[in-house]
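Under this note's numbering, the first residue of the sequence shown carries the number 309, and numbering increases by one thereafter.
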Amino acid sequence: MGSASVEELDVIIVGAGLSGLNSAYLLKKQIPDAKFAILEGRNIIGGTWAFWKYPGARSDSSATVFRFAWHPWPHDLNFPDAPLVQAYAEDAAKVHGLDKHIRFNNKVGDRRWSTAEQMWTVDVTDAETGAQLPPVRARWLVNCSGYYSYEEAQKVEIPGIKQFRGEVVHPQFWSSDIDMKGKNVVIIGSGATAITMLPHVSKVAKHTTMLQRSPSYVMALPRKDKMTQLLQRLLPRRLADWIDWYRQMFLESVFVWWLQTFPGAGRRLLRALTKRSLPKDLDVDVHFKPAYNPFEQRLCLCPDADFFKALQNDPCTIVTDHIDTVTPTGIRLKGSGDEIPADMIITATGLYVQLMNGRIPLVDGKPIRVTDLYGWRSCMIEGAPNLCFIIGYTTGTWTPGADAHFRTVLSVMKEMRKRGATSATPTIDPAVRKTMPKLPAVPVTSGYLVNARDRLPMSAGRYPWSTGLTYAADAWHNLTGNAHDGMVYTVPNKKRL
309 MGSASVEELD VIIVGAGLSG LNSAYLLKKQ IPDAKFAILE GRNIIGGTWA
359 FWKYPGARSD SSATVFRFAW HPWPHDLNFP DAPLVQAYAE DAAKVHGLDK
409 HIRFNNKVGD RRWSTAEQMW TVDVTDAETG AQLPPVRARW LVNCSGYYSY
459 EEAQKVEIPG IKQFRGEVVH PQFWSSDIDM KGKNVVIIGS GATAITMLPH
509 VSKVAKHTTM LQRSPSYVMA LPRKDKMTQL LQRLLPRRLA DWIDWYRQMF
559 LESVFVWWLQ TFPGAGRRLL RALTKRSLPK DLDVDVHFKP AYNPFEQRLC
609 LCPDADFFKA LQNDPCTIVT DHIDTVTPTG IRLKGSGDEI PADMIITATG
659 LYVQLMNGRI PLVDGKPIRV TDLYGWRSCM IEGAPNLCFI IGYTTGTWTP
709 GADAHFRTVL SVMKEMRKRG ATSATPTIDP AVRKTMPKLP AVPVTSGYLV
759 NARDRLPMSA GRYPWSTGLT YAADAWHNLT GNAHDGMVYT VPNKKRL
């Protein structure tokens, strides 16, 4: 037993974003007697969607699939803006009573597992005052704090940036007092953030240049789905939502599979769609012909072709070249030697990826260094008892991945109860481990994810020591798999099973 001053729970959930709320809902439904709390470091529900403030911040997934399966999406448009997603998360938490479990401004610090006590102890501070709060103990620690740092962006060396006389802004730290009106703005980057920002920045700035070192695939989709609207007109809302979720999840899974299985055909299709959307004087093979195959990096989506329309109608330009140096008044290019005039530079160059807020958990005082360990079914870590991290898909919609991965954790929790166990630890036989390949857990080539491989667990590329990349694969494993493979259960007064 713990000290009388230390609260003991069954489950601690870290983070009140979409992953944390979904995990809390499923826990309440499937293990209703579980005592749990959601520790949220900020004073607002929504995670990422309450954090991002840059112009145009939005989801790049269909709202039908992006939403919770258990709470209807109240709007008739896809690719919702961040404030809509945040309001939706807040409404879902209130309607389903999850808000009663949230402790705001509870910033989680060190996390320590005791084998003797079979418990996690979590240090907590008040995020507003910095005061130390009483620690909290729990049998399970569920990390739903996302995959990137709020405090730190990816460090990218840009030659000469310190001599620039204008303003340098990273989208992650955008504030309401940033003024682009009448300025020459350069957005450095070619990922989802740059694609999202361009149509909004170009409406305000004097001229906007998107400067990319290498191109990305960009695909336009409508903000309103006609089939979704038809289903909602013909059927009761809950039935329409259920059918539409599975319809769009199936289409997404098949599309991702097709592009990955037939990359040549996929490249040709995406090129043709892009060329049709571009101004005639913009060369698709210079600016939209990536060196990688589709879904080796995330496919960028733009609602109602807003990105392409900006290139056609707004005062903006796309440039594909390397930076020679930033000058006091602009950016000089390495290939052409031209200089792009700039009053403001926006560095949309990626996130600093980390799990569990960058805190290394301790097991009996020893750090769990995830980079040296294998991930178990995309949600637990070799050698770490009762510890999970819930993240979504990097090649598809986030929320279904977070849902599938926590359902896997629930199967382990239920198996523990069935056995009378107090802990479950992903474990590999040492002889088998020597034969296992060491593959990246996230097999995509985006720079910020490649740079983070020393902060992520490994994958062996085979079940259960592999990464779930699609909902179809994860749902199949949840349906046909078990909570035994690669898992060791500790039962009090008995040997490990």
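Every residue gets a Cβ at the ideal spot worked out from N, C-alpha and C, and that includes glycine.
Take residue i as the anchor and find which of the options has the nearest alpha-carbon.
i: P340; options: I551, T798, L406; result: L406
i: G490; options: F481, V450, T516, I469; result: T516
i: N413; options: D434, W421, A424; result: D434
i: E690; options: D646, V752, V393, P765; result: P765
i: E647; options: T657, T655, P636, I654; result: P636
i: P800; options: Q426, S561, W421; result: Q426
i: A377; options: D389, Q556, Q480, V322; result: Q556
i: D680; options: T536, Q480, A768; result: A768
i: D487; options: I503, A513, V594, F472; result: A513
i: G281; options: W428, D533, I639, L607; result: Beyond the ends of the chain as shown, which are 309 and 805, falls residue 281; an answer cannot be given.
i: V416; options: P738, A345, W357; result: A345
i: V333; options: G354, H379, T372; result: Just to set this straight, residue 333 is Tyr in the shown sequence, not Val. That would be H379, whose Cα lies nearest to the Cα of Y333.
i: G528; options: H713, N386, L659; result: Position check: residue 528 holds Ala in this sequence, whereas Gly was assumed. Ranking the options by Cα distance to A528, first place goes to N386.
i: V750; options: T703, E436, G789; result: T703
i: P738; options: Y682, T372, V758; result: Y682
i: K617; options: R375, N330, P507, S453; result: P507
i: A371; options: Q394, I631, I353, I352; result: Q394
i: H785; options: T707, V678, W684; result: W684
i: A710; options: R727, R770, A783; result: A783
i: T628; options: K470, A613, D593; result: D593
i: P382; options: Q537, T501, I352; result: Q537
i: E460; options: N351, V493, G355, G658; result: G658
i: G776; options: V444, A712, K511; result: A712
i: N694; options: Y797, L329, L392; result: Y797
i: V464; options: R521, S774, A424, V373; result: R521
i: L619; options: K511, S367, I352; result: K511
i: G789; options: L567, P772, G328; result: P772
Helix, strand or coil: which one does DSSP assign to residue i?
i: P443; result: strand
i: L609; result: strand
i: E465; result: coil
i: K674; result: strand
i: Y362; result: coil
i: T798; result: strand
i: H508; result: helix
i: F374; result: helix
i: S311; result: With a pLDDT of only 48 at S311, under 50, the local geometry of the prediction cannot be trusted, and the value read off the model is given with reservation. Coil, per DSSP.
i: S261; result: Any answer about residue 261 is impossible in this case: the structure gives the chain only from 309 up to 805.
i: G638; result: strand
i: H595; result: helix
i: N492; result: strand
i: I551; result: helix
i: E398; result: helix
i: L659; result: strand
i: A783; result: helix
i: H404; result: coil
i: D485; result: coil
i: Y756; result: helix
i: L577; result: helix
i: P391; result: helix
Taking 7 Å as the cut-off, does the CB of residue i come closer than this to any heavy atom belonging to the ligand COA?
i: Y554; result: What this structure holds is no ligand at all, so the ligand COA is not there to describe.
Compute the Euclidean distance between the alpha carbons of residue i and residue j, then round it to the nearest angstrom.
i: V661; j: R541; result: 42 Å
i: L663; j: Y455; result: 5 Å
i: F615; j: V432; result: 43 Å
i: R420; j: G323; result: 18 Å
i: R715; j: L326; result: 15 Å
i: P602; j: M744; result: 27 Å
i: T504; j: A397; result: 22 Å
i: V717; j: C696; result: 7 Å
i: S311; j: W428; result: Because S311 carries a pLDDT of 48, less than 50, the predicted location of this residue cannot be relied on, and the following value inherits that uncertainty. The straight-line gap from Cα to Cα measures roughly 13 Å.
i: M688; j: I676; result: 12 Å
i: T668; j: S422; result: For the record, residue 668 in the displayed sequence is Ile; it is not Thr. Those two C-alpha atoms are separated by around 15 Å.
i: I495; j: P442; result: 45 Å
i: W550; j: D418; result: 40 Å
i: N621; j: K588; result: 12 Å
i: K726; j: W553; result: 32 Å
Would you list the one or two residues that DSSP bridges to residue i?
i: L590; result: DSSP output for L590 lists no bridge partner at all.
i: F697; result: N451
i: L347; result: V322, R411
i: Q520; result: T628
i: W684; result: M688
i: R420; result: T429, L670
Verify the CB distance criterion: does residue i have a CB-CB separation below 8 Å to chain C?
i: V477; result: The structure shown contains no chain C; it is built from a single protein chain.
Inset, instruction - Indicate whether the contact test is met: 3 or more Cβ pairs, each with one atom in the stretch 338 to 357 and one in the stretch 714 to 724, closer than 8 Å. - result: Look at the beta carbons and you see the stretch 338 to 357 touching the stretch 714 to 724: at least three pairs across the two are nearer than 8 Å.
Inset, instruction - Specify whether the stretch 381 to 401 and the stretch 312 to 319 touch according to this definition: at least 3 beta carbon pairs, one from each stretch, less than 8 Å apart. - result: With the rule of 3 Cβ pairs closer than 8 Å, the stretch 381 to 401 does not count as touching the stretch 312 to 319.
Inset, instruction - Flag this pair as touching only if the stretch 727 to 745 and the stretch 361 to 377 have three or more C-beta atom pairs under 8 Å; answer yes or no. - result: With a cut-off of 8 Å, the stretch 361 to 377 and the stretch 727 to 745 do not count as touching, because too few Cβ pairs lie within range.
Inset, instruction - Could you tell me whether the stretch 446 to 460 touches the stretch 639 to 654, where touching means 3 or more Cβ pairs closer than 8 Å? - result: With a cut-off of 8 Å, the stretch 639 to 654 and the stretch 446 to 460 do not count as touching, because too few Cβ pairs lie within range.
Legend entry - Sufficient close CB pairs (3 or more, under 8 Å) joining the stretch 465 to 477 to the stretch 652 to 660: As far as the Cβ criterion goes, the stretch 465 to 477 touches the stretch 652 to 660, which means the pair count is three or higher.
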